[in-house]
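Here the structure is laid out as structure tokens; the discussion comes afterwards.
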Amino acid sequence: GKLLGKPITLLPIGGEDLLGHDHEFDTVISINVLDHVQDALRVLQNTYNSLKPGGVLIWHDRWFDSPLGCRSSKDYMGTTLHPIRPKFAVFSHFLTH
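Residue numbers (the working numbering): 1 to 97.
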């Protein structure tokens with residue numbers, strides 16, 4: 001397909017299975033994904049590896065120790081919709097290494 005006249009590729013796979021696409025994409029968009037996957041680190045690594053050098057990651061996710069009003073972990077206990085509850089330190093480490 002196309003978006004704003006530029007070709008786009010939509011992949012019907014999870015980020016944990018995003019293998020074989022190393023340095024393939026100019027831009028990757030990920031919105032509120034990591035708290036729904038089983039292996040967030042693997043998703044982050046695969047996403048990073050799939051970007052071309054100089055590629056752009058458009059990314060938003062919540063972390064569960066946010067001082068800005070995100071629901072606390074106890075609000076999500078027992079739910080299968082959020083198998084992990086990433087803390088800010090996880091995102092900070094990924095973004096600085």
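Quick reminder that beta carbons are idealized off the backbone N, C-alpha and C, glycines included.
Secondary-structure assignment with DSSP links F25 through a beta bridge to L51. Rounded to whole angstroms, the Cβ separation of G20 and V33 is 20 Å, and the two are not in contact under 8 Å. The alpha-carbon of K2 is positioned some 17 Å away from that of E24. DSSP places V56 within a strand segment (E or B) once states are collapsed to three. Excluding its 5 nearest sequence neighbours in each direction, H60 has C-beta neighbours in its own chain below 7 Å: I31 and N32, listed in chain order.
In the DSSP secondary-structure assignment, S92 is not bridged to any residue.
Burial is judged here by how many other beta carbons sit within 10 angstroms of a residue's own beta carbon; N49 has fewer than 16 and is exposed.
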